[in-house]
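Sequential numbering from 122 applies to the sequence shown in the working numbering.
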Amino acid sequence: MTKKIDTQTVDQIAHLARLEFDDKAKEEIVKDLNNMLAFVEKLNELNTDHVEPLVYMTDEVNHLREDEVKLEITQKEALMNAPKHDSDYFKVPKVVEKK
């Protein structure tokens, strides 16, 4: 039997992932995770002794091409097109705030 997920476990996972949930959402997450664990436990009961492992999901093959060096724009030319830049880098607006 596998371990059951509880709200304390969800709190620990949420903390590690820097997520916050209200109590209703936590209860739903607990229910969903326990359903997933029950499903996996059911799969573990299957006898797979005579089942060949699946290596590839499809018969498709990747057709790769040779890498080619092409003449591209220089760093200076790229920075000329940027609305904001310093001597070597693009300047972009801050998108993450510290707490």
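Every residue gets a Cβ at the ideal spot worked out from N, C-alpha and C, and that includes glycine.
A quick note: this is a predicted structure, and the numbers were derived from the prediction, not measured.
Less than 8 Å between the beta carbons of residue i and residue j, yes or no?
i: ILE126; j: ASN155; result: yes
i: PHE160; j: ILE150; result: no
i: THR215; j: HIS206; result: It should be noted that the sequence gives Lys, not Thr, for residue 215. It is not a contact, given that the beta carbons lie outside the stated cut-off.
i: LYS147; j: THR128; result: yes
Could you check if residue i is buried or exposed, using at least 16 other CB atoms within 10 Å of its CB as the buried criterion?
i: VAL131; result: buried
Across which residues does DSSP place residue i in a beta bridge pair?
i: PHE211; result: HIS206
Could you check what DSSP says for residue i in three-state terms: helix, strand or coil?
i: THR195; result: coil
i: HIS136; result: helix
i: PHE160; result: helix
i: LYS147; result: helix
i: ASP153; result: helix
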